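Trainee:
In full-length UniProt numbering, the protein residues as written are 1 to 514.
1) If distances are taken between C-alpha atoms only, which option among 415, 150, 121, 130 comes closest to residue 379?
2) Confirm, please, whether the CB-CB distance from residue 34 to residue 192 is below 8 Å.
3) Considering only the alpha carbon of each residue, which of 263, 469, 151, 429 lies closest to residue 91?
4) Contact between the stretch 171-187 and the stretch 201-218 is defined here as three or more beta-carbon pairs at a separation below 8 Å; is this criterion met?
5) Any idea if residue 225 is buried or exposed, counting beta-carbon neighbours within 10 angstroms, 16 or more meaning buried?
6) Could you please give me the residues that DSSP links to residue 193 through a beta bridge?
7) Going straight from the alpha carbon of residue 266 to that of residue 499, what length do you get?
8) Mind checking who residue 263 pairs with in its DSSP beta bridge?
9) Apart from the five residues on each side of it in sequence, which residues of its chain come closer than 8 Å, Cβ to Cβ, to residue 21?
10) Thinking C-alpha only, which one of 466, 428, 341, 286 is nearest residue 256?
11) Please check the pair residue 271 and residue 44, which I expect to be a contact at CB under 8 Å, by giving their CB distance rounded to whole angstroms.
12) According to DSSP, simplified to helix, strand and coil, what is residue 221?
13) Roughly how far, in whole angstroms, is the beta-carbon of residue 179 from the beta-carbon of residue 138, given that I think they are within contact range, below 8 Å?
14) Are residue 400 and residue 348 touching if we call contact CB-CB under 8 Å?
15) Measuring alpha carbon to alpha carbon, tell me which residue in 231, 445, 410 is nearest residue 433.
16) By a C-beta neighbour count over all protein chains shown, 10 Å radius and 16 as the cutoff for buried, is residue 278 buried or exposed?
17) Here's a check: name, in chain order, each residue in its chain whose Cβ is nearer than 7 Å to the Cβ of residue 293, leaving out the five neighbours to either side.
18) So, does the stretch 324-335 touch the stretch 365-378, judging by three or more C-beta pairs under 8 Å?
19) Let me confirm a value: residue 3 is counted as buried when at least 16 other C-beta atoms fall within 10 Å, else exposed. Which label applies?
20) Can you tell me which of the three DSSP states residue 134 falls into?
21) Excluding the 5 residues flanking residue 513 on each side, which residues of the same chain have their C-beta closer than 6 Å to its C-beta?
22) Tell me the DSSP bridge mates of residue 86?
23) Can you have a look at residue 394 and say buried or exposed, based on whether 16 or more other CB atoms are within 10 angstroms of its CB?
24) For residue 352, which beta-bridge partners are listed by DSSP?
If you want it as structure tokens, here you go:
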């Protein structure tokens with residue numbers, strides 16, 4: 001009996017950039033109707049490989065076969081023609097358009113823009129369980145529904161092989177389960193998935209097979225049913241799977257951050273973005289904020305940092321009222337800040353690493369001497385950060401854009417933990433980084449906590465929140481609605497509170513009045 005033809009075969013794929021070999025002799029075979037996971041550290045070459053398969057880049061060497069026929073893509077349009085689609089981690093939807101308009105945009109020739117298009121969208125939604133209303137504006141959709149729209153977009157264009165880039169990064173556990181149920185159903189209908197993820201437990205839950213890439217080349221393929229997360233981690237980085245667990249309490253009674261009755265309104269007459277927020281973080285304490293994205297976490301951080309002006313309430317740092325201070329003055333008062341988007345808010349991508357050490361710290365040592373910038377001091381301290389935080393780079397003169405995401409994040413965290421801050425605000429500190437970088441960042445935050453640092457942690461990774469935090473607060477529609485005990489709570493308990501279903505466990509206590 002002949003063996004079924006694979007959906008996709010990549011053979012000997014090599015891709016070079018100036019000074020870097022992103023992929024070297026990569027081999028990958030994906031069976032028809034399977035979920036095939038692709039794992040590896042940031043910078044391992046996963047994204048480059050998928051961009052080659054999707055036609056965004058062309059290989060220097062090697063071949064691609066789709067359904068047994070050799071192909072060479074010069075653009076995503078050519079990949080789509082043979083049934084390959086890609087759902088990116090950062091959604092590419094227009095908020096001011098309807099679901100139908102977003103799905104049809106750029107593919108008007110297929111089924112027009114009216115009734116025929118709507119009929120086809122509803123057919124696909126019914127076949128796959130991706131239930132969305134074609135007439136609703138995308139701006140009214142939650143994260144999970146937006147993701148469904150992105151998947152419908154590629155199905156509408158005829159995709160049978162779908163690349164999913166970190167699809168669970170912004171989903172709560174219940175939404176992850178719903179997504180996985182959808183993928184399993186579509187798999188039964190013959191769809192094939194390439195699933196890129198750092199979450200090894202999720203990989204083992206959904207994948208039929210796993211290919212691991214390390215430093216640009218294929219390490220091997222494993223059966224997730226017989227391979228543990230630790231074994232996969234060892235294949236990825238040569239070490240055991242890290243744990244965020246914080247063992248002993250170091251919480252003191254000295255309040256470092258005190259937020260009192262903080263309120264923020266985006267526009268007059270609208271529901272408050274921040275609604276009477278009370279929050280205290282003590283020295284040696286990590287307070288975690290759990291919430292579905294878009295419920296006020298970003299605005300809370302930006303208001304504490306002075307990037308937004310509160311409509312009422314106060315922010316104190318130790319004994320000092322900093323409510324009316326600007327962002328730079330708050331930094332000078334002792335706040336370190338790891339932003340949620342390192343590219344937009346944390347780095348000057350085209351500048352060298354040492355210039356990024358100065359960013360946000362331009363008035364303090366070692367980046368400044370009196371009123372002048374101290375370039376030599378900044379360079380020396382940048383090298384220290386590179387060494388201490390294992391930032392993998394040829395040197396400190398390299399532009400930040402040349403680093404992998406994990407190494408960029410280690411540079412940002414290293415910078416913000418420098419200069420002896422009294423408070424660290426860390427927004428999604430390990431988002432999009434591999435298990436090796438994740439372990440190092442966790443260790444550095446835990447060590448800083450043990451040394452008396454107060455930490456406000458915002459994360460969509462519920463295992464990270466539970467493992468690192470001394471206490472967890474749940475944010476919903478601009479309010480802190482529940483407190484959770486990290487030693488007893490589960491991700492499912494948190495997910496229930498985050499979505500407004502209420503407390504489902506004694507480990508979650510609803511805040512009075514909610």
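Note that beta-carbon positions come from the ideal geometry of N, C-alpha and C, so glycine has one too. Predicted, not measured: the structure shown is a model, and the values here were computed from it.
Mentor: In brief:
1) The shortest Cα separation from residue 379 among 415, 150, 121, 130 belongs to 415.
2) Contact flag set, yes.
3) A check of alpha carbon separations from residue 91 across 263, 469, 151, 429 identifies 151 as the nearest.
4) Flag = yes, the stretch 171-187 and the stretch 201-218 touch.
5) So residue 225 ends up on the exposed side.
6) Residue 193 pairs with 35, 162.
7) Those two C-alpha atoms are separated by around 22 Å.
8) Partner(s): 312.
9) These residues qualify, in order along the chain: 14, 15, 216.
10) Nearest neighbour of residue 256 by Cα position, chosen from 466, 428, 341, 286, turns out to be 286.
11) Between residue 44 and residue 271 the Cβ distance is about 43 Å, and since that is not below 8 Å, they are no contact.
12) Correct three-state label for residue 221: strand.
13) Actually they do not touch by this definition, with Cβ atoms about 18 Å apart.
14) Contact: yes.
15) If we check each option's Cα against that of residue 433, 410 comes out closest.
16) Taking all protein chains in view, the Cβ of residue 278 is surrounded by fewer than 16 other Cβ atoms within 10 Å, so the residue is classified as exposed.
17) Closer than 7 Å at Cβ, skipping near neighbours: 143, 170, 460.
18) Flag = no, the stretch 324-335 and the stretch 365-378 do not touch.
19) Answer is exposed; the Cβ neighbour count stays below 16.
20) Correct three-state label for residue 134: coil.
21) Because residue 513 carries a pLDDT of 49, less than 50, the predicted location of this residue cannot be relied on, and no value is offered for it.
22) Paired residues: 163.
23) Counting the other CB atoms within 10 Å of its CB gives residue 394 a total below 16, which places it among the exposed residues.
24) Its beta-bridge partners are 399.
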